[in-house]
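Chemist:
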Amino acid sequence: MTHEILHTLVFDYRDFESHNSLAEFWTKDAKCVEEQTRKTCETFPTVTCDTKETFEEDAADLAAYRIVWNLYKKAYIRKTVVEKYEDLDKKQLFFYGAAVVFCSPNGMEKYSYHDTNHSNVYQRVNSLMSQMDGFSEAFKCKPSDRMVRNRARTCELYGSKAERKRKLG
Numbered sequence: 000m001t002h003e004i005l006h007t008l009v010f011d012y013r014d015f016e017s018h019n020s021l022a023e024f025w026t027k028d029a030k031c032v033e034e035q036t037r038k039t040c041e042t043f044p045t046v047t048c049d050t051k052e053t054f055e056e057d058a059a060d061l062a063a064y065r066i067v068w069n070l071y072k073k074a075y076i077r078k079t080v081v082e083k084y085e086d087l088d089k090k091q092l093f094f095y096g097a098a099v100v101f102c103s104p105n106g107m108e109k110y111s112y113h114d115t116n117h118s119n120v121y122q123r124v125n126s127l128m129s130q131m132d133g134f135s136e137a138f139k140c141k142p143s144d145r146m147v148r149n150r151a152r153t154c155e156l157y158g159s160k161a162e163r164k165r166k167l168g
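Numbering of the sequence shown is given in numbering that gives the first Met the number 0, commencing with residue 0 and proceeding in unit increments.
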């Protein structure tokens, strides 16, 4: 649901160019999303990669997962054991859960849903997890690990760490 709400703030660049009426609510770091998608396509090759075509979905994914991760860290205080995943701590369990929703037998193929273009699910998961500091911490990734090396740079689209593109109001 968070992903869908963020679509009210993240617009496809073509919408902005064609209508010239949509305010650019994202920050100067929006290009970072395209850089990350491109880098993920190089690190984890797939059948297709079109960073401009998937920008809106990729940006909404990233912003939504960061929001949900921050809420999860604050709210998830129970020690829950999930059958067959007893060895995972609660942080690792979050990232398994975040990735499992994308499981698909056609994970390497281009994905289109209701005429919107998404990166294929393999690329979506790897791009997202590369951008999540919590993933690296949860799985104790080293700087030399493929997932960490995949990060283009840290993308801050919203929040106190994000550099504003323009003031609202």
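Built from N, CA and C at the ideal position, the CB exists for glycine as well.
Within 10 angstroms of its Cβ, does Y121 collect 16 or more other Cβ (buried), or is it exposed?
Modeler: buried
Chemist: Please classify C40: is it buried, with 16 or more other beta-carbons within 10 angstroms of its beta-carbon, or exposed?
Modeler: buried
Chemist: From K73 to T50, what does the alpha carbon distance come to, in whole angstroms?
Modeler: 33 Å
Chemist: In angstroms, rounded to a whole number, what distance separates the CA positions of N149 and E33?
Modeler: 13 Å
Chemist: Whole angstroms are fine: how far does the CA of M146 sit from the CA of A97?
Modeler: Taking the straight line from one Cα to the other gives about 16 Å.
Chemist: Among S135, W68 and R37, whose alpha-carbon lies nearest the alpha-carbon of E52?
Modeler: When S135, W68 and R37 are compared, the shortest CA-CA separation from E52 is found for R37.
Chemist: Could you have a look at T1 and say whether DSSP puts it in helix, strand or coil?
Modeler: helix
Chemist: Can you list, in chain order, the residues of its chain with a C-beta nearer than 6 Å to that of Y64? Leave out the 5 residues immediately preceding and following it.
Modeler: In the same chain as Y64, and ignoring 5 residues on each side of it, the C-beta atoms closer than 6 Å to its own belong to L127, in chain order.
Chemist: The alpha helix (DSSP H) that contains T42, what's its start and end?
Modeler: A29 to T42
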